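Residue numbers (our numbering): -6 to 382.
Note that the Cβ used here is the ideal one computed from N, Cα and C, for glycine as well.
Just so it is clear, the structure is predicted and the values come from calculations on it, not from any experiment.
Single-structure report; data block below.
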């Protein structure tokens, strides 16, 4: 049923004379035919839509609406939904919903109403005048005619809006269900069934993007319309998850441009059924204060994958320095780190640490005394590099 809408016809004061009402009612089939013909002729969108059985349906609906209107104009009125106009208003509401389901805007429909009002008034007023209606009654009849058409137009617009809102909410829920399957480790079969129910065509890849709620709209406007939006991310307040299709390869640069300066974090592109790994990486990067491109932070993400293990490794490989004074241990540690990363190039180490190359040589002598031959062992070098990276 249509929502509560203003009814300008509810308290009209017009009462058609019986002879005028009878004359106009007899003319309704012809008037309905002329209304439909004018709509077909003047509204291109309905040129083919009103042919065949649909045209017959519309003709009947127009005649029903005009009949209810004449009953109203003859003296039956009020706000009770059982008044003669109720079927016409309900029909207009459902017509608006149907237009939305067909993917059409209300523009053509509202044009049809305007044309219908013009043709109906022309034909019915002629009959009314021929039946002896005086000028004052004709004026009231005109006002009631256009008020009635306004009610039908408003009902159709409301139906169109309600259908879009309803279908949008339903599809959003279905898409969120697809996202839950993808993130919860559901079977491929269950996930494919959810995608089919949502009429969502699975892409080759999906990329997880975490973005603040306040920034989600602009990002959605710049990415694929097939992007799945998840308004609430478990454990992260104020953040939305976007699953963006086909953002791999060169397309990733466009996605990164879309999130620039929006405090977003973009995971890697993954085969669409494996997007959970993209989501997990984006979450880890966000927790580490990284982003927006997780692909640019892979070393840090790898090193921080198990912080406790890394701390244990650091303590283990730096055990030879445990008995030194803290200040000395710190200097030797930073020298050892630089020496490892610069592959033993003394001048590069000195430049990074802002010390003389001889200082580097002296410190490395101390380290060799502490570590012995282990500094030449590949396994020790690897462990030290990871621990100090």
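- Distance from the Cα of residue 288 is smallest, within the candidate group 266, 321 and 248, for 248.
- Residue pairing by DSSP places residue 198 opposite 264 in a beta bridge.
- Residue range 232 to 238 is occupied by the beta strand (DSSP E) that includes residue 238.
- For residue 229, no alpha helix (DSSP H) segment is defined, and its DSSP state is neither H nor E.
- Residue pairing by DSSP puts residue 205 in a beta bridge opposite 232.
- DSSP, reduced to helix, strand and coil, places residue 286 within a strand of the structure shown.
- Residue pairing for residue 221: DSSP places it in a beta bridge opposite 236.
- In this chain, the alpha helix (DSSP H) harbouring residue 190 covers 181 to 190.
- Put simply, the backbone Cα of residue 166 is about 54 Å away from that of residue 335.
- The alpha-carbon of residue 25 is positioned some 42 Å away from that of residue 218.
- Nearest in C-alpha terms to residue 305, of all of 22, 39, 377 and 318, is 377.
- At a Cβ-Cβ threshold of 8 Å, residue 85 and residue 137 do not count as neighbours.
- In the DSSP assignment, residue 86 falls within the unbroken alpha helix (DSSP H) covering 79 to 94.
- Looking at the backbone, the Cα of residue 316 and that of residue 359 are separated by about 13 Å.
- Residue 342 sits in a helix when the DSSP states are folded into three classes.
- In this structure, residue 142 lies away from residue 35, with their beta-carbon atoms at least 8 Å apart.
- A direct Cα-Cα distance of roughly 13 Å separates residue 106 from residue 54.
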